[in-house]
Amino acid sequence: MPLDITRVGRKSYVTTRGLAEVLEAVKKHGLPSTTSRSDIKRKRSARANVMTPYGHVIQQWRLQTEDGGTVAIDYCHPAALVWHLCSSSEPLQNLLLERMGLEPCSLAAPWRVVFYSDEITPGNQLRSRNPRKLQAIYFSFANLGSAALGKEKSWFLLCAVRSKTVQSLQSGMGQLCRAAMLSFRTHGADLSSGIQLYCGESRPVLCAQLGILLSDESALKYMANNKGASGKLPCVLCRNVIHRRYKPEKMREPLVTHTDINYDHFILHTQKSLAETAEYLETQSRTLNKGAMQDLQTKLGFNHAPLGILASSGYLEMLYGMVRT
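The sequence shown begins at 29 in our numbering and counts up by one.
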């Protein structure tokens with residue numbers, strides 16, 4: 029008796045388009061020898077974790093948790109991922125070669141990496157509690173052009189981690205982004221020093237460095253361990269801008285509210301002032317009680333994050349350069 033396709037996908041939901049693709053593949057290639065979830069996962073992992081000249085595509089971070097332990101987090105190494113996708117995708121090869129011809133990259137003129145962070149909510153968007161939420165980090169290259177960047181296929185997934193796991197990390201999203209930024213500059217696979225790609229008969233060298241940070245207010249807040257829009261000092265880069273709802277009766281110069289539209293009134297943070305803020309929070313955390321520490325963090329506009337981006341001059345330099353872009 030032939031299969032009734034109208035009954036397929038009722039127990040475990042699958043879209044009509046997805047079902048059509050599966051049935052077409054079975055019709056063309058026949059049934060696979062195994063069909064269990066564990067077998068599918070094992071074969072998918074083996075297919076994804078290929079070896080490249082820059083190491084395995086899928087690698088691991090060991091990040092510190094609030095309880096003093098560590099947690100393993102899988103991620104796609106940027107250099108290995110770009111090499112693998114370029115060597116196996118002719119459209120990507122053509123795009124990179126075309127853009128490199130228009131905008132050559134070198135050590136002196138590297139391409140700019142776009143670093144994008146956002147939270148993904150699978151399933152019902154309106155659920156009050158959704159344990160399946162993910163913190164995802166993607167990247168691409170600004171030099172690919174606006175037409176390419178407007179397509180999903182031009183963005184590379186760096187990592188996707190359960191939001192619950194990120195919340196358990198010391199310094200939270202700050203530590204995760206710190207590890208993600210470092211992955212672009214690992215020894216032997218440093219994009220800023222150049223990696224050789226396999227594009228058919230061509231072997232172009234791609235030089236790129238972190239240049240643009242793309243995120244919404246919420247993502248930027250967690251990334252920089254800033255108080256964000258709900259805090260008294262909502263802006264990551266502004267030293268004298270306070271939220272209008274916290275405006276004192278007598279405003280003293282140089283304070284301005286966040287509704288001020290005159291950019292000349294804003295006093296911006298420098299890398300030095302941001303580093304000093306992080307260092308001051310670290311020093312005070314050793315002596316202040318919990319209540320006093322929370323009050324200090326509110327006044328400064330930043331949370332104490334010893335493993336966050338602001339706590340390291342190298343990472344701070346990368347973040348500052350991207351935010352200012």
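For every residue, glycine included, the Cβ atom is placed at its ideal position computed from N, Cα and C.
Is the beta carbon of residue i sitting closer than 8 Å to the one on residue j?
i, j, result
"residue 206", "residue 289", "no"
"residue 170", "residue 142", "yes"
"residue 234", "residue 350", "no"
"residue 286", "residue 264", "no"
"residue 326", "residue 260", "yes"
"residue 237", "residue 138", "yes"
"residue 86", "residue 76", "yes"
"residue 324", "residue 316", "yes"
"residue 100", "residue 92", "no"
"residue 192", "residue 159", "yes"
"residue 95", "residue 243", "no"
"residue 309", "residue 332", "yes"
"residue 177", "residue 168", "yes"
State the DSSP-derived secondary structure class of residue i, mapped to helix, strand or coil.
i, result
"residue 308", "helix"
"residue 41", "coil"
"residue 242", "strand"
"residue 301", "helix"
"residue 110", "helix"
"residue 270", "strand"
"residue 218", "strand"
"residue 205", "helix"
"residue 230", "strand"
"residue 185", "strand"
"residue 328", "helix"
"residue 190", "strand"
"residue 254", "strand"
"residue 35", "helix"
"residue 322", "helix"
"residue 284", "strand"
"residue 48", "helix"
"residue 333", "coil"
"residue 198", "coil"
"residue 296", "strand"
In whole angstroms, what separates the C-alpha of residue i from that of residue j?
i, j, result
"residue 112", "residue 346", "26 Å"
"residue 119", "residue 340", "39 Å"
"residue 335", "residue 83", "26 Å"
"residue 184", "residue 319", "42 Å"
"residue 213", "residue 105", "10 Å"
"residue 267", "residue 343", "20 Å"
"residue 155", "residue 198", "27 Å"
"residue 354", "residue 276", "Residue 354 lies beyond the stretch modelled for the chain, which goes from 29 to 353, so this question has no answer here."
"residue 166", "residue 208", "10 Å"
"residue 227", "residue 49", "29 Å"
"residue 282", "residue 258", "21 Å"
"residue 108", "residue 41", "34 Å"
"residue 194", "residue 60", "37 Å"
"residue 128", "residue 215", "24 Å"
"residue 35", "residue 188", "33 Å"
"residue 74", "residue 297", "47 Å"
"residue 47", "residue 239", "41 Å"
"residue 126", "residue 136", "20 Å"
"residue 144", "residue 32", "43 Å"
"residue 248", "residue 56", "47 Å"
"residue 90", "residue 102", "9 Å"
"residue 220", "residue 114", "18 Å"
"residue 64", "residue 218", "39 Å"
"residue 202", "residue 157", "23 Å"
"residue 256", "residue 322", "15 Å"
"residue 72", "residue 196", "28 Å"
"residue 70", "residue 273", "53 Å"
"residue 313", "residue 200", "17 Å"
"residue 348", "residue 190", "26 Å"
"residue 295", "residue 311", "25 Å"
Going by alpha carbons, who is nearest to residue i out of the options?
i, options, result
"residue 110", "146, 49 and 182", "182"
"residue 231", "256, 278, 209 and 124", "124"
"residue 210", "195, 186, 46 and 49", "186"
"residue 130", "116, 172 and 107", "172"
"residue 299", "278, 262 and 252", "252"
"residue 134", "222, 44 and 322", "222"
"residue 204", "98, 272 and 295", "98"
"residue 122", "295, 307 and 229", "229"
"residue 262", "311, 330, 44 and 53", "330"
"residue 79", "280, 292 and 116", "116"
| Length at least 4, wholly inside the stretch 126-167: the alpha helix (DSSP H) runs in chain order | As far as the stretch 126-167 is concerned, it has no whole alpha helix (DSSP H) run of at least 4 residues.
| Within the stretch 66-106, ranges of the beta strand (DSSP E) (whole runs, at least 3 residues) | If you keep only unbroken beta strand (DSSP E) runs of at least 3 residues inside the stretch 66-106, you get 86-92 and 98-104.
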